Amino acid sequence: MILNALSRPFVLLDRVARLQLAIAAFAVMAILLAISLDVALRTAFSAPLTGTMEVVSFYCMIPVVFLPIMILEVRGEHIDTDLFYRFFPVAAKRLSVIVSGLLSVGIYGLLTYITFEQAVSSTGRGEVAMGVNLMPVWPVRWILPVAFASSTAAAFALTIRNTKGVK
Amino acid sequence: MLEDITPILVALGALLSLIAIRVPVGLSLIAVSFVGITYEISLRAAIGSLARIPYDLASNWSFSAIPMFLLMGYVASETGLTSGLFRASRQVLARLPGALACSSVLASALFAAASGSSVATASAMSKIAIPEMLSRRYDPGLACGTIAASGTLGSLIPPSIVMILYGVYSDVSIGALFMAGILPGILSMAIYIAMIVTRCKLNPSLAGGGDTAEDEPTVGAGQLLMDIAPLPILIAIVMGSISMGWATPTEAGALGALGAVLIAIAMRTFSPASFWSALKQSALSFAAIFVIIIGGALLTRYVAVAGLNKVLEQLFVESAAGPLMLIAAVSVLYIVLGMFIDSIGLLLLTAPLVLPLAVSLEMDMIWFGIILIKLLEIGLITPPVGLNIFVIKSALGDQVTLPTIFKGVTWFISMDVLTLVLLVAFPAITIWLPEMIYG
Amino acid sequence: RDTITAATWLPPQHQYSRYLYTYWAEALAERSGGTLVAEVELGSARVTAGGNLQEIADGLADVSGHFAQYTPSDLPVANALEELGMTFGDPRVVIAAATEFNMTEPMLLAEWAGHGVVYGGSYTTNQYKLICNTPITTLAELNGAKLRLPGRAPAEWANAAGAATVSFNTNEQYGALDKGALTCTTTTAADAYVRKLYEVAPHITDMPVTMFWAGLGHGYNPAVWAELTIDQRRAALYAEADAMAALIVDGTLLEEAAAEESLKAEGVTFHAPGEDLTASIAAFRAKQPENAVPIIQETYKIAEAEALLARFQATIDKWDAMLADVPVEDKETLADMMRAEIYDKLDLATYGLQ
Ligand code: NA
Ligand code: NA
Numbered sequence: 650m651i652l653n654a655l656s657r658p659f660v661l662l663d664r665v666a667r668l669q670l671a672i673a674a675f676a677v678m679a680i681l682l683a684i685s686l687d688v689a690l691r692t693a694f695s696a697p698l699t700g701t702m703e704v705v706s707f708y709c710m711i712p713v714v715f716l717p718i719m720i721l722e723v724r725g726e727h728i729d730t731d732l733f734y735r736f737f738p739v740a741a742k743r744l745s746v747i748v749s750g751l752l753s754v755g756i757y758g759l760l761t762y763i764t765f766e767q768a769v770s771s772t773g774r775g776e777v778a779m780g781v782n783l784m785p786v787w788p789v790r791w792i793l794p795v796a797f798a799s800s801t802a803a804a805f806a807l808t809i810r811n812t813k814g815v816k
Numbered sequence: 312m313l314e315d316i317t318p319i320l321v322a323l324g325a326l327l328s329l330i331a332i333r334v335p336v337g338l339s340l341i342a343v344s345f346v347g348i349t350y351e352i353s354l355r356a357a358i359g360s361l362a363r364i365p366y367d368l369a370s371n372w373s374f375s376a377i378p379m380f381l382l383m384g385y386v387a388s389e390t391g392l393t394s395g396l397f398r399a400s401r402q403v404l405a406r407l408p409g410a411l412a413c414s415s416v417l418a419s420a421l422f423a424a425a426s427g428s429s430v431a432t433a434s435a436m437s438k439i440a441i442p443e444m445l446s447r448r449y450d451p452g453l454a455c456g457t458i459a460a461s462g463t464l465g466s467l468i469p470p471s472i473v474m475i476l477y478g479v480y481s482d483v484s485i486g487a488l489f490m491a492g493i494l495p496g497i498l499s500m501a502i503y504i505a506m507i508v509t510r511c512k513l514n515p516s517l518a519g520g521g522d523t524a525e526d527e528p529t530v531g532a533g534q535l536l537m538d539i540a541p542l543p544i545l546i547a548i549v550m551g552s553i554s555m556g557w558a559t560p561t562e563a564g565a566l567g568a569l570g571a572v573l574i575a576i577a578m579r580t581f582s583p584a585s586f587w588s589a590l591k592q593s594a595l596s597f598a599a600i601f602v603i604i605i606g607g608a609l610l611t612r613y614v615a616v617a618g619l620n621k622v623l624e625q626l627f628v629e630s631a632a633g634p635l636m637l638i639a640a641v642s643v644l645y646i647v648l649g650m651f652i653d654s655i656g657l658l659l660l661t662a663p664l665v666l667p668l669a670v671s672l673e674m675d676m677i678w679f680g681i682i683l684i685k686l687l688e689i690g691l692i693t694p695p696v697g698l699n700i701f702v703i704k705s706a707l708g709d710q711v712t713l714p715t716i717f718k719g720v721t722w723f724i725s726m727d728v729l730t731l732v733l734l735v736a737f738p739a740i741t742i743w744l745p746e747m748i749y750g
Numbered sequence: 463r464d465t466i467t468a469a470t471w472l473p474p475q476h477q478y479s480r481y482l483y484t485y486w487a488e489a490l491a492e493r494s495g496g497t498l499v500a501e502v503e504l505g506s507a508r509v510t511a512g513g514n515l516q517e518i519a520d521g522l523a524d525v526s527g528h529f530a531q532y533t534p535s536d537l538p539v540a541n542a543l544e545e546l547g548m549t550f551g552d553p554r555v556v557i558a559a560a561t562e563f564n565m566t567e568p569m570l571l572a573e574w575a576g577h578g579v580v581y582g583g584s585y586t587t588n589q590y591k592l593i594c595n596t597p598i599t600t601l602a603e604l605n606g607a608k609l610r611l612p613g614r615a616p617a618e619w620a621n622a623a624g625a626a627t628v629s630f631n632t633n634e635q636y637g638a639l640d641k642g643a644l645t646c647t648t649t650t651a652a653d654a655y656v657r658k659l660y661e662v663a664p665h666i667t668d669m670p671v672t673m674f675w676a677g678l679g680h681g682y683n684p685a686v687w688a689e690l691t692i693d694q695r696r697a698a699l700y701a702e703a704d705a706m707a708a709l710i711v712d713g714t715l716l717e718e719a720a721a722e723e724s725l726k727a728e729g730v731t732f733h734a735p736g737e738d739l740t741a742s743i744a745a746f747r748a749k750q751p752e753n754a755v756p757i758i759q760e761t762y763k764i765a766e767a768e769a770l771l772a773r774f775q776a777t778i779d780k781w782d783a784m785l786a787d788v789p790v791e792d793k794e795t796l797a798d799m800m801r802a803e804i805y806d807k808l809d810l811a812t813y814g815l816q
């Protein structure tokens with residue numbers, strides 16, 4: 650919609666965000682297939698697909714939850730309410746946008762840092778999931794810092810654009 | 312007591328302010344909880360909570376049902392599977408004011424009998440029913456309110472995750488609890504329908520301006536059956552796979568989504584593009600809701616470390632004079648806290664305090680449990696933090712605004728209060744069925 | 463400092479809530495003469511199942527527990543020892559040996575210190591049994607059954623015997639047993655009673671499968687521990703002995719016996735295992751100490767696995783002998799022995815202070 654008004658960084662951010670969403674969509678499909686197959690094999694042959702629970706919980710759910718956050722930022726699709734905001738005068742609106750933007754950048758930035766440290770430590774000890782399979786899950790830890798770093802960039806860029814665009 | 316509760320009130324005030332200046336709801340919850348935990352314990356504890364809770368919650372198997380039920384709804388709506396049902400219900404229920412909304416309540420109740428969670432029920436039904444109602448010029452508030460409120464039947468009509476948790480905490484039979492939820496669930500449904508019919512009769516514009524069924528040619532019985540079939544088949548797949556022991560309520564979501572794909576293929580309405588779009592929309596909606604679930608879990612932790620339990624203890628010591636006083640106190644507490652905290656978080660926070668009191672007053676714990684669960688479910692549709700509302704908002708995007716939905720559910724919240732009064736006044740509604748079966 | 467916060471996410475009626483928190487807090491108040499009071503929070507949102515270890519270190523609670531099975535990579539040494547879980551019998555022996563070993567074995571002390579917690583005491587479950595919706599007493603009946611198993615070793619045994627291991631979370635097992643997606647889950651009779659599993663799974667195979675102890679019954683936040691006086695620390699640990707003895711005697715062994723009676727009253731049948739089933743698990747048990755070594759070396763990267771297991775087995779054997787003549791219901795003697803043999807040997811001026 651406003652795509653042609655976007656400068657190059659926004660086009661790039663939008664492209665990254667869409668890529669992340671596409672990966673999340675694949676993860677949704679993977680949940681569908683893994684659970685359906687597991688149920689079918691368990692019911693028909695008493696031969697469940699070993700590790701379905703771990704694969705779905707870690708390798709599918711983590712990307713589904715965290716990768717789309719960037720596009721929520723890029724497109725302003727986070728759940729918020731303008732019940733009061735819409736009655737604000739322009740100056741107050743601009744201030745709201747700045748406060749909200751700084752807060753978002755701060756939270757995503759902090760989350761990027763924290764989850765990066767976690768990913769490093771998880772990789773270092775070769776983290777495995779609890780349960781009978783002890784499946785390695787350290788690779789999925791890296792999804793979080795990536796998702797939060799890209800969301801930080803998106804929130805920052807959007808704050809600048811929205812501050813200018815307040816009406 | 313006042314000084315104990317002051318930090319919590321300040322935090323909730325800050326939360327409301329952030330939401331008012333249009334900070335996303337999930338980020339508002341995260342920010343307030345982070346500052347709150349830092350204030351109560353330490354920065355390290357706040358960072359530790361932020362490091363663990365999002366990852367641990369997201370990798371929780373039980374949540375995998377929600378993207379699957381979302382997908383089922385998106386596939387059904389993208390491929391037009393269920394539009395026929397609502398066309399048919401207009402023809403069959405042509406004389407009933409608000410027929411589409413009424414059949415949506417009924418469909419949600421049926422769906423609730425397959426799903427263990429209110430959010431999952433609302434997820435599936437929002438994309439199936441609301442676009443149909445909007446395209447028939449239903450009042451958006453009524454359309455969204457119907458699905459948000461009927462979604463709460465997911466926890467009241469068995470199976471129900473909240474009931475299992477309550478059963479473990481309160482030491483009552485989960486099977487008996489399941490039985491006990493059935494009549495209150497049907498009662499809630501009947502009261503919703505009665506309210507919808509009455510309102511639409513008085514004000515036909517709520518339901519798209521009265522009876523316009525003549526706009527469309529009446530179809531024959533065969534076509535009618537084809538129109539109706541997909542949703543009952545989906546519900547049958549989900550319910551059937553659980554009752555046959557093939558799948559758990561969590562896994563049944565995936566079978567429902569797979570069923571939607573197969574039905575769409577059979578009806579020749581499936582296309583890879585629509586499937587891909589449904590997958591992307593499911594991921595997007597789920598992530599939008601999950602940011603709020605994460606924020607809600609952090610807020611639950613904050614109020615725990617801020618000593619909410621001490622405040623509650625004092626509150627309840629004063630009010631524990633009798634069962635009705637306890638129910639009144641619990642109702643006020645759950646309605647107030649339910650504005651901010653989701654149902655499972657609220658149950659975890661309050662059960663250790665409230666349940667022993669109920670036991671000491673020799674209350675029927677099944678009856679008390681159903682009242683608690685009904686109260687918890689109301690919290691899913693009250694502002695400012697109402698998970699079912701957010702499910703609908705993220706499913707419909709710009710088609711509706713949050714204030715419209717919150718306004719639309721007000722009627723349903725009043726009906727829930729009426730249901731609660733009936734459940735309290737007539738315990739038999741709740742305990743007759745389990746007593747008959749379990750003795 | 464005269465108050466500490468002791469919190470668990472477990473619900474109020476859980477054995478650990480009742481004995482390691484409520485009972486322990488009473489014992490602490492008494493033993494410290496009121497100079498140290500624990501504010502107990504049961505079913506608390508301060509701590510979570512998976513994050514409990516870090517949550518103690520972060521100070522979200524001053525005292526809490528942690529099940530090591532939930533974080534296998536964080537606690538390799540603690541988890542490695544549990545490879546022997548199928549080979550032990552008496553929970554009294556295991557809780558005493560586990561407490562002593564955790565407080566004296568350098569590898570374990572380093573593991574706890576590395577995570578920023580001070581080890582206070584252990585927990586131990588009773589023997590887990592098969593809780594089934596259809597009788598399982600022979601290898602033929604086990605073959606093809608769908609089991610929810612609580613650990614790597616029992617799953618290896620059951621798979622070898624022809625059973626299928628399936629994953630369901632705790633909240634799902636009730637429904638899965640009810641509808642037949644699951645044939646058996648594995649837990650104690652007391653837990654089966656509390657979770658109402660008898661409503662949907664009225665057949666219990668009366669054969670011990672395995673037990674659990676790895677982790678913390680109680681861990682202390684090190685900063686808070688350092689703020690306590692030596693007398694307060696002693697009072698806290700003496701109360702640990704009281705609480706663990708009561709947990710094992712009243713809350714585990716006697717309660718299990720009571721739960722068995724209650725289950726029978728609810729119509730549950732306890733089935734004696736058939737000879738082939740008993741022989742199969744016995745054969746697996748016999749080889750387990752030897753089989754565990756390469757598994758521990760590979761899974762938990764502990765090169766000296768054999769020596770570690772031998773040291774733990776020696777501690778187990780010691781307590782086995784010490785408790786041989788102590789009557790099961792004599793919790794005072796058990797508590798006194800733990801105080802004399804474990805806590806009195808610690809230097810409380812330095813223990814837990816880095
Ligand atoms: Na339900
Ligand atoms: Na609410």
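Those protein sequences? They're chains V, X and W, same order as listed. When you read off a place in the first sequence, starting at 1, and then add 649, the result is the number in the numbering used here. When you read off a place in the second sequence, starting at 1, and then add 311, the result is the number in the numbering used here. When you read off a place in the third sequence, starting at 1, and then add 462, the result is the number in the numbering used here. Yeah, the Cβ is synthetic: ideal placement off N, Cα and C, and Gly gets one too. Fair warning: this is a prediction, and the values are worked out from it, not measured in the lab.
Report whether the distance from the Cβ of Gly690/X to the nearest heavy atom of ligand 2 is below 8 Å. Counting from 1 along the second sequence, the entry for residue 690/X is found at position 379. Result yes, Cβ under 8 Å from ligand 2.
How many angstroms separate the CA atom of Ala331/X from the CA atom of Thr470/W? On the second sequence, position 20 is the one that residue 331/X refers to. On the third sequence, position 8 is the one that residue 470/W refers to. Rounded to whole angstroms, Ala331/X to Thr470/W spans 36 Å at the Cα level.
Give the interface partners of Ser535/W over in chain V, defined as CB-CB distance under 7 Å, in chain order. For the purposes of this step, residue 535/W is taken as the residue at position 73 of the third sequence. Under the 7 Å cutoff, chain V gives Arg774, Gly775, Glu776, Val777.
Assigned exposure category for Met747/X - 16 Cβ within 10 Å defines buried: The residue given as residue 747/X occupies position 436 in the second sequence. Met747/X comes out exposed.
Determine the extent of the alpha helix (DSSP H) in which Cys646/W is found, giving its start and end residues. As a first step, residue 646/W must be located in the third sequence, where it is residue number 184. Counting along the chain, Cys646/W falls outside any alpha helix (DSSP H), though it belongs to the beta strand (DSSP E) covering 646 to 649.
Suppose contacts are defined by Cβ-Cβ distances below 9 Å. Is Gly582/W in contact with Glu717/W by that definition? Position 120 of the third sequence, counting from 1, holds the residue named residue 582/W. Position 255 of the third sequence, counting from 1, holds the residue named residue 717/W. No. Outside cutoff.
Quick one: which chain W residues come within Cβ less than 7 Å of Ala617/X? Start at 1 with the first residue of the second sequence, and residue 617/X comes out as number 306. In chain order: nothing, as chain W lies at least about 10 Å away.
Length of the line joining the Cα atoms of Ala797/W and Ala424/X: Mapped onto the third sequence, residue 797/W falls at position 335. Mapped onto the second sequence, residue 424/X falls at position 113. Answer to the nearest angstrom: the Cα atoms are 51 Å apart.
Using DSSP with H/G/I as helix, E/B as strand and the rest coil, what is Tyr449/X? Within the second sequence, numbered from 1, the residue matching residue 449/X stands at position 138. Correct three-state label for Tyr449/X: strand.
Is Leu417/X near Ile504/X, with beta carbons less than 9 Å apart? Within the second sequence, residue 417/X is the residue found at index 106, counting from 1. Within the second sequence, residue 504/X is the residue found at index 193, counting from 1. Result yes, Cβ atoms of Leu417/X and Ile504/X sit closer than 9 Å.
When the Cα of Thr672/W is compared with those of Ala651/W, Leu810/W, Asp738/W, which residue comes out closest? Stepping through the third sequence from its first residue, residue 672/W is reached at position 210. Cα-wise, what sits closest to Thr672/W is Ala651/W.
Residue span of the alpha helix (DSSP H) that contains Val336/X, given as start and end: Numbered from 1 along the second sequence, position 25 holds the residue referred to as residue 336/X. Taken as a continuous stretch (DSSP letters only), the alpha helix (DSSP H) holding Val336/X covers 336 to 351.
Helix, strand or coil for Met650/X? Go by DSSP, reduced to three states. Stepping through the second sequence from its first residue, residue 650/X is reached at position 339. DSSP places Met650/X in coil when its eight states are reduced to three.
Hey, would you say the C-beta of Ala425/X is under 8 Å away from at least one heavy atom of ligand 1? Numbered from 1 along the second sequence, position 114 holds the residue referred to as residue 425/X. At least one heavy atom of ligand 1 is nearer than 8 Å to the Cβ of Ala425/X, so yes.
Below 8 Å on the Cβ atoms is my contact criterion, and I expect Ser526/W with Thr561/W to pass it. Report the Cβ-Cβ distance as a whole number of Å. Sequence index remark: in the third sequence, residue 526/W carries index 64 (1-based). Sequence index remark: in the third sequence, residue 561/W carries index 99 (1-based). Not a contact, Cβ separation roughly 17 Å.
Within 10 angstroms of the Cβ of Ala736/X, are there 16 or more other Cβ atoms? Answer buried if so, exposed if not. On the second sequence, position 425 is the one that residue 736/X refers to. So Ala736/X ends up on the exposed side.
Assign Thr465/W to one of three DSSP states: helix, strand, or coil. Counting from 1 along the third sequence, the entry for residue 465/W is found at position 3. Strand at Thr465/W.
Going by the DSSP bridge assignment, what does Ser484/X pair with across the sheet? The residue you call residue 484/X lines up with position 173 of the second sequence. Paired residues: none, contrary to the question.
Per DSSP, the bridge partner or partners of Cys594/W: For this step, residue 594/W is matched to residue 132 along the third sequence. Cys646/W, His665/W.
Straight-line Cα distance separating Pro365/X from Thr691/W: To locate residue 691/W, count along the third sequence from 1; it is residue 229. To locate residue 365/X, count along the second sequence from 1; it is residue 54. When rounded, the distance between both Cα atoms is 38 Å.
What residue does the beta strand (DSSP E) around Gly637/W start on, and which one ends it? Taking the first residue of the third sequence as 1, we reach residue 637/W at position 175. Gly637/W -> not in any beta strand (DSSP E); alpha helix (DSSP H) instead, spanning 632 to 641.
Hey, would you say the C-beta of Thr693/X is under 8 Å away from at least one heavy atom of ligand 2? As a first step, residue 693/X is located in the second sequence; it is residue number 382 there, counting from the start. True, at least one ligand heavy atom lies under 8 Å from that Cβ.
Pick from Thr812/W, Val662/W, Gln589/W, Gln775/W that is closest to Glu689/W, judged by C-alpha positions: On the third sequence, residue 689/W is found 227 positions in, with the first residue counted as 1. If we check each option's Cα against that of Glu689/W, Thr812/W comes out closest.
Counting contacts by CB-CB distance shorter than 9 Å, is Pro788/V in contact with chain W? Counted from its first residue, the first sequence places residue 788/V at position 139. So no, Pro788/V is outside the interface.
Less than 8 Å between the CB of Thr432/X and some heavy atom of ligand 1, yes or no? Counted from its first residue, the second sequence places residue 432/X at position 121. Answer for Thr432/X: yes, Cβ within range of ligand 1.
In chain X, which residues lie with their C-beta within 7 Å of the C-beta of Ser749/V? Position 100 of the first sequence, counted from the start, is the residue given in the question as residue 749/V. Here the neighbours are Ile332, Arg333, Val334.
Taking only runs that begin and end inside the region 660 to 734 of chain W, name each unbroken beta strand (DSSP E) of 3 or more residues, in chain order. 665 to 672, 677 to 682, 731 to 733
Assigned secondary structure, Thr740/W (DSSP; H/G/I helix, E/B strand, else coil): Counted from its first residue, the third sequence places residue 740/W at position 278. Helix at Thr740/W.
Mind pulling the chain W residues with CB within less than 7 Å of Trp372/X? Taking the second sequence and counting its residues from 1, one reaches residue 372/X at position 61. In chain order: Asn631.
Below 8 Å on the Cβ atoms is my guess for Ala685/W versus Gly521/W; work out the distance and round it to an integer in Å. Reading the third sequence from its first residue, position 223 is the one you call residue 685/W. Reading the third sequence from its first residue, position 59 is the one you call residue 521/W. Indeed they touch by this definition, with Cβ atoms about 7 Å apart.
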